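In this note's numbering, the protein residues as written are 12 to 533.
C-beta atoms are modelled at their ideal positions from N, C-alpha and C, and glycine is treated no differently.
Remember, predicted model here, so these are calculated numbers, not experimental data.
Take a look at the structure below.
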Ligand SMILES: Cc1ncc(C[n+]2csc(CCOP(=O)(O)OP(=O)(O)O)c2C)c(N)n1
């Protein structure tokens, strides 16, 4: 439904429609075809536009924003190439169930047939990582198309909607502002699904509840802990979690590890898995003579709720069905901060330092890759915090996602745990952090290599440290200077090479507002 207010062009009607429907943040990297959208920013109050110097930063920031704000941000991207630059982090957002409204400029409709230099198959590029794609047919349709895009992006758990805006639809007269159609609510799970889950949990076999999506938020974890108290089931969680609420006072789960052998070994004992917002567990990759599915062939899999379903409602029903309502949950983490570590940098030491100093209510963005493997236990008893993982496996997620999370949660400290290889993909995010004065503390684990891939290589080929193969997994020639890189983007920075100075630099960084990068040399 549109209402006629004042004469405006399509671009202005789109911005007004976004703001009217709660989309008030836009991560932007514009070009000429989006200039009417840019010009309209001065006419519309209420839209925060955040300049990102690479489109992968814009899309990754929109992902981090959705995970914390639980409503979509917009991105503004320049034609096919701009959208293509943003695809890897759109892929991550899609896998994480994050909602994003992408606005992608297109040539004026009559100009497309001329095959100008930037002409591309934008719809084709968009489809690779969008649930919903539409090209506006006229300036009068732009507002209602924008409203439909918001509704599509808001569908549970969050979808990628890409609206393509030919330049003439942006500059010609529009009809007004449109209201987004009602968003479909999360689907309630059936009584039969609850019954089947209860049967699986009480059949007396080794059984696990495997949690993913919204099932790892505090309230749902509590219910899962009650179900475990009643049935004796084990609580597991997926490796890639969009937003895990953890720390002291919250129910702990065991995360399925990334390495395939460790994952298979963990799941080996279970005869039955009950999925709650999680998928049947599969390996990241196929390996010769190793299974694709991580659980034994004989394991029975029962789905209680998908990632789109009313997960909390499903767990509530299951709590009642297994008689757990009055039980205290099992697995609640006590407040337990480790002592400050000392000596040379190790993954365990980094974990202990974080466990000792992580601020209450902080947001941890985890792209630590191999360094991240030791962090779970020492941080489990830190004060309550949120932990955001890379879900789609496409590296270059951490710095952009932290940017969006900080914009969505301005009162919270964001801590980014970054591999040095991963940080290089989207380091332009540093500049946006500095420009927006975001309270983000970044630890870059400067092991000067693609450590995880060195492990994968060693698994298939005898080690040849000086060979060509290991050479392309090494980042030490030249060594990246993270202090110079950060300072060059306007971010304060320091470098440490032992745990004592890591702890004192981290404390110093926490004590002042704004972004700070610590290069952790190991
Ligand atoms: C977009 C993309 N390109 C390449 C890869 C393959 N890849 C996975 S991990 C990795 C290296 C990560 O290195 P770093 O962040 O330094 O972490 P480390 O392995 O040293 O712990 C690469 C290149 C990927 N996952 N995504």
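query                                                                                                                                                                 : result
On the DSSP bridge assignment, give the partners of residue 285 in chain order.                                                                                       : 220, 313
Can you find the residues in the same chain that come closer than 7 Å, C-beta to C-beta, to residue 14, ignoring five residues on each side of it along the sequence? : Note that residue 14 scores a pLDDT of 49, beneath 50, so its modelled location is shaky; the value from the coordinates is reported in the next line. The answer, listed in chain order, is 187, 188.
Relative to the C-alpha of residue 256, which residue among 44, 195, 470, 226 is closest?                                                                             : 226
My guess is that residue 34 and residue 85 are in contact by the Cβ rule of under 8 Å, so how many angstroms apart are they, rounded?                                 : 5 Å
Tell me, which residues are paired with residue 456 by DSSP?                                                                                                          : 430, 531
Can you name the start and end residues of the beta strand (DSSP E) that residue 375 belongs to?                                                                      : 374-378
In this structure, how does DSSP classify residue 102 when only helix, strand and coil are distinguished?                                                             : helix
So for residue 320, helix, strand or coil by DSSP?                                                                                                                    : strand
When DSSP builds the beta bridges, which residues end up paired with residue 504?                                                                                     : 528
Going by DSSP in three states, residue 370 sits in which element: helix, strand or coil?                                                                              : coil
Residue 385 to residue 297, Cα distance in whole Å?                                                                                                                   : 24 Å
Looking at residue 90 and residue 113, is the spacing between their C-beta atoms short of 8 Å?                                                                        : no
Taking the straight line between their C-alpha atoms, what separation do you get for residue 354 and residue 205?                                                     : 51 Å
Just list the residues that DSSP pairs residue 248 with in beta bridges.                                                                                              : 222, 266
Please state the DSSP three-state secondary structure of residue 63.                                                                                                  : coil
Quick one: what does DSSP say residue 185 is sitting in, helix, strand or coil?                                                                                       : coil
Report back the beta-carbon spacing between residue 531 and residue 438 to the nearest angstrom; my notes put them in contact at under 8 Å.                           : Not confirmed; about 16 Å, so no contact.
Can residue 382 be considered in contact with ligand 1, in the sense that its beta carbon sits closer than 7 Å to one or more heavy atoms?                            : yes
Using 8 Å as the Cβ pair cut-off and three pairs as the minimum, do the stretch 468-486 and the stretch 279-294 touch?                                                : no
Whole alpha helix (DSSP H) runs in the stretch 145-215 with 4 or more residues, listed along the chain?                                                               : 153-165, 178-182, 202-213
Taking the beta carbon of residue 145 as the centre, do at least 16 other beta carbons fall within 10 Å, making it buried, or is it exposed?                          : buried
Write down the C-beta distance between residue 148 and residue 415 rounded to the nearest angstrom, noting that I regard them as a contact closer than 8 Å.           : Not really, about 31 Å apart at Cβ, beyond 8 Å.
For the 8 Å Cβ check, are there 3 or more pairs between the stretch 156-165 and the stretch 124-131?                                                                  : no
Go ahead and pull the three-state DSSP assignment for residue 344.                                                                                                    : coil
Excluding sequence positions up to five away, which residues of its chain have a Cβ less than 6 Å from the Cβ of residue 315?                                         : 204, 208, 285, 287, 325
Using the Cβ count rule (16 or more neighbours within 10 Å means buried), how would you classify residue 320?                                                         : buried
Does residue 12 pass the burial test, meaning 16 or more other C-beta atoms within 10 Å, or should it be called exposed?                                              : Residue placement at residue 12 is poorly supported in this model, since its pLDDT is 46, which falls under 50; the coordinates still yield a value, given next. Residue 12 is exposed by the Cβ-count criterion.
Compare the Cα-Cα distances from residue 56 to each of 64, 249, 25 and report the closest residue.                                                                    : 25
Can you round the beta-carbon distance between residue 520 and residue 441 to whole angstroms, since I take them to be within the 8 Å contact cut?                    : With a Cβ gap of about 14 Å, residue 520 and residue 441 do not count as contacting.
Out of curiosity, what's the CA-to-CA distance linking residue 272 and residue 280?                                                                                   : 14 Å
Grab me the residues of residue 106's own chain with a C-beta within less than 6 Å of its C-beta, minus the 5 sequence neighbours each way, in chain order.           : 402, 403
Report whether the distance from the Cβ of residue 464 to the nearest heavy atom of ligand 1 is below 7 Å.                                                            : yes
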